[in-house]
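These notes concern the structure reproduced below.
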Amino acid sequence: VNIGVGRTAVQIDTGLNTTYALLDNGTVIGWGEGFSGSLGQGSTSNIGTGVNDMSTLIPMDLGSGRTAKFIAAGRFHLAIIRDDDSLVTIGYSSQGQLGHNDSVSNYGSIAGQMGDNLVPVDHGLTGTLTKVYCGNYFTAILTDNGSSRIFGSNSKGQLGLDLAQTKFGDGTGTI
Numbered sequence: 002v003n004i005g006v007g008r009t010a011v012q013i014d015t016g017l018n019t020t021y022a023l024l025d026n027g028t029v030i031g032w033g034e035g036f037s038g039s040l041g042q043g044s045t046s047n048i049g050t051g052v053n054d055m056s057t058l059i060p061m062d063l064g065s066g067r068t069a070k071f072i073a074a075g076r077f078h079l080a081i082i083r084d085d086d087s088l089v090t091i092g093y094s095s096q097g098q099l100g101h102n103d104s105v106s107n108y109g110s111i112a113g114q115m116g117d118n119l120v121p122v123d124h125g126l127t128g129t130l131t132k133v134y135c136g137n138y139f140t141a142i143l144t145d146n147g148s149s150r151i152f153g154s155n156s157k158g159q160l161g162l163d164l165a166q167t168k169f170g171d172g173t174g175t176i
């Protein structure tokens, strides 16, 4: 995979029909299916199916002066811990897996949703975010003091909540 001249990948993660790389300079690139903006390019276009797609990969705009420290891919979404320890999420949001506590169906699919317009997740945890993990319609975060939070679909009990509510983070149940 052509990830750029002189660049190396320090982390790779995959979602459903997508692959993401965190590069040594803190940029993030993605390729595969662009469903709901999950590739962070302000569109829903696929990347990697056309001639020269891979040689012209464009890093995601994470905001002015922002870089990434850690990435995690879910089914149709991506979570990024930025260098300022904020968590930003893009892609499909049907089950609250992006943690935005709203009814917007996706982030990153249209112009103007990336860069300085990325809204950090208000997760309410103390400590510094160290890890993020994504699954099928849910996201889990962990801090350096052991605090954690999971949000998104709870349809199979995957959030570990002893509740009948089926999702959190979509505005119906705040995270």
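In our numbering, the protein residues as written are 2 to 176. Cβ coordinates follow ideal geometry from the N, Cα and C atoms, glycine included.
Between which residues of its own chain and residue i is the CB-CB distance below 8 Å, once the five residues before and five after are set aside?
i    : result
L160 : F139, I151, F152, G153, S154, F169
K157 : none
A10  : I4, A22, L23, L24, D25
V105 : S94
T45  : G35, F36, S37, G38, S110
Please return the same chain residues whose Cβ sits closer than 7 Å to the Cβ of residue i, not counting the five positions on each side in sequence.
i    : result
L17  : R76, F77
M115 : G41, G43, M61, D62, G109
T129 : D86, T144, D145
H124 : L88, G100, I142, R150, I176
M55  : V2, N3, W32, G49
L162 : N155
Is it buried or exposed for residue i, if we count other Cβ within 10 angstroms and need 16 for buried?
i    : result
E34  : buried
V122 : buried
V29  : buried
T175 : With a pLDDT of 48 at T175, under the threshold of 50, the modelled position of this residue cannot be trusted; read the value that follows with caution. T175 should be labelled exposed.
N107 : buried
T19  : buried
G31  : buried
G7   : exposed
Quick one, are the C-beta atoms of residue i and residue j less than 7 Å apart?
i    : j    : result
G38  : G100 : no
D14  : A112 : no
V89  : L58  : no
S148 : L126 : yes
D103 : G64  : no
Among residues of its own chain, excluding the 5 on either side of residue i, which ones have a beta-carbon nearer than 6 Å to its beta-carbon?
i    : result
N204 : Residue 204 is absent from the model: the chain starts at 2 and stops at 176.
Review point. At a cut of 8 Å, does the segment 66 to 74 reach the segment 42 to 50 through at least three beta carbon pairs?
Key: no
Review point. How about the segment 133 to 147 and the segment 78 to 94: do they share at least three Cβ pairs that are nearer than 8 Å?
Key: yes
Point to revise | Continuous beta strand (DSSP E) assignments of at least 3 residues falling wholly in the segment 89 to 170 | key: Entirely contained in the segment 89 to 170, the beta strand (DSSP E) runs reaching 3 residues are, in chain order, 130 to 135, 139 to 144, 149 to 154.
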